[in-house]
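Below you'll find the structure, written out as structure tokens, and then a few comments.
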Amino acid sequence: MEDGINITANSLHPGVVSTNIYLHNRLLKGLKCMLSPILNKLEGYVVKNVQQGASTTCYLALHPQVSRFNGKYFADNNVSEASLQGRDMDLAKKLWDFSINLTKQNK
């Protein structure tokens, strides 16, 4: 806590979201064309629309209740269990060290 500001850090997965990102990438555009029949049937069951995909991000950014969480992983507006890699402290340290080096910040 610095100057009375409480900062938390959490992570999230928005889920599989139907977007137009493929329009700007030939590889993704081709993949979208091939998978469209399947993806269209999954829409509403597995694939989220943009508003649903943004829900957890907005929840973490805006809901006052989230301020009591730190270092948690969220999915579908709830605290969830991260993958094995997401809970690997050795991997987390490597990522932290890499990030520090990349941004040239002091430890």
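Using my numbering, you'd call the opening residue of the sequence shown number 22 and step up by one each time.
Glycine residues also receive a C-beta, built at the ideal position from the N, C-alpha and C atoms.
{"Query": "Let me check understanding here. Comparing Cα to Cα, which of Ile121, Arg108, Gly51 and Val38 lies closest to Asn31?", "Result": "Arg108"}
{"Query": "Just to confirm, are Gly74 and Pro35 a CB contact at a threshold of 7 Å?", "Result": "yes"}
{"Query": "Classify Ala96 as helix, strand or coil using the three-state DSSP reduction.", "Result": "strand"}
{"Query": "Rounded to the nearest angstrom, what separates Val67 and Thr78 at their Cα positions?", "Result": "18 Å"}
{"Query": "Could you pull out every residue in the same chain whose Cβ sits closer than 6 Å to the Cβ of Lys69, ignoring the five residues on either side in sequence?", "Result": "Gly36 and Val38"}
{"Query": "For Phe119, is the classification buried or exposed, using 16 other Cβ atoms within 10 angstroms of its Cβ as the cut-off for buried?", "Result": "exposed"}
{"Query": "By DSSP's criteria, Leu48 is part of a beta bridge. Which residues make up the other side?", "Result": "DSSP, once it has assigned bridges, lists no residue as partnering Leu48."}
{"Query": "When DSSP builds the beta bridges, which residues end up paired with Val71?", "Result": "Answer is none; Val71 lacks a bridge partner."}
{"Query": "Quick check on this structure: which residue in Leu123, Thr29, Ile42 and Lys62 has the alpha carbon closest to the alpha carbon of Val71?", "Result": "Ile42"}
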